[in-house]
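Data block below; observations after.
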Amino acid sequence: MSAMHDYYRAPDRATATWRPSQLRAPAKPLPDAPAFDVVETKWIDPTGSFGELVAVVKGVPYSNDLVETITLYPPPEGAPKTEDEWLALPEDSPYREGPEIEELSVSVRDALAEVDDDRLPEVAQRWMNEDASSFHGGDHVLDLVKEFVALARRAKESDQLLYCWWIPG
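In this text, residue positions in the sequence shown follow my numbering: the first is 179, and each later residue adds one.
Okay, here's the thing in structure tokens:
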């Protein structure tokens, strides 16, 4: 098993957090579900590997706080604060098992949306060579970079933000 990370765009937080336990790109969409525009990944977390992509795009050194996120689900205000509260959580609590939904900043969306297409092969190559990268095939990485850039461009054009739905594996 591996952690799944779905990056998607949504018009607002209410839509982004719709039925948080549901995949953002289900094999069989529910009739009342929003039609999310999704890039499906594994092991590309917002602050780690995705943060390295953003660093490469921006031409800055990677840091853990480069990609600022806001946790939308599970709600931070309901998170356990003490060890006793953590231990009292039911086994199926989203605070224990996920999923989680993070909102990415406008600056991250815009950095990806505004990268020049001519730079994409170089961005993919540099991202693949970063320390935390688990990539092995250059073509796959370039395709993934193109998907992220296209998603960011569609989000910016629609005045939407990017979100990451993820669940540990």
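All C-beta atoms, glycine included, are put in the ideal place defined by N, C-alpha and C.
Check	Outcome
Cβ-Cβ distance between Val-235 and Leu-290 below 8 Å	yes
Enclosing alpha helix (DSSP H) for Asp-288 [first to last residue]	284 to 291
Delimiting residues of the beta strand (DSSP E) encompassing Glu-218	215 to 220
Simplified DSSP state of Ala-328, which is helix, strand or coil	helix
Option nearest Val-319 by Cα separation, candidates Arg-331, Leu-282, Trp-305	Trp-305
Own chain partners of Gly-276 with C-beta closer than 8 Å, once the 5 adjacent residues on each side are dropped	Trp-344, Ile-345, Pro-346
Identity of the residues DSSP links to Asp-184 by a beta bridge	Glu-218, Trp-343
Residue from Arg-274, Arg-297, Glu-278, Val-286 whose Cα sits closest to the Cα of Val-245	Val-286
Any chain D beta carbon closer than 8 Å to Ala-205	The question asks about chain D, but that chain is absent: this structure has only one protein chain.
Proximity to Glu-218 [Cα-Cα], best of Leu-267, Val-323, Arg-331	Val-323
Sequence-distant residues of its chain with Cβ nearer than 8 Å to Val-284 (five each side left out)	Leu-339
Reference Leu-329; option with closest CA among Val-301, Glu-292, Ala-302	Glu-292
Proximal residues to Glu-308 (C-beta, below 6 Å), its chain only, five neighbours per side dropped	Glu-230
Other residues of its chain near Leu-298: CB distance less than 8 Å, five sequence neighbours each side excluded	Leu-320, Val-323, Lys-324, Val-327
Where Leu-231 sits in the DSSP three-state scheme	helix
Residues of its chain near Ser-336, where Cβ-Cβ distance is below 8 Å and the 5 sequence neighbours each way are ignored	Arg-187, Pro-189
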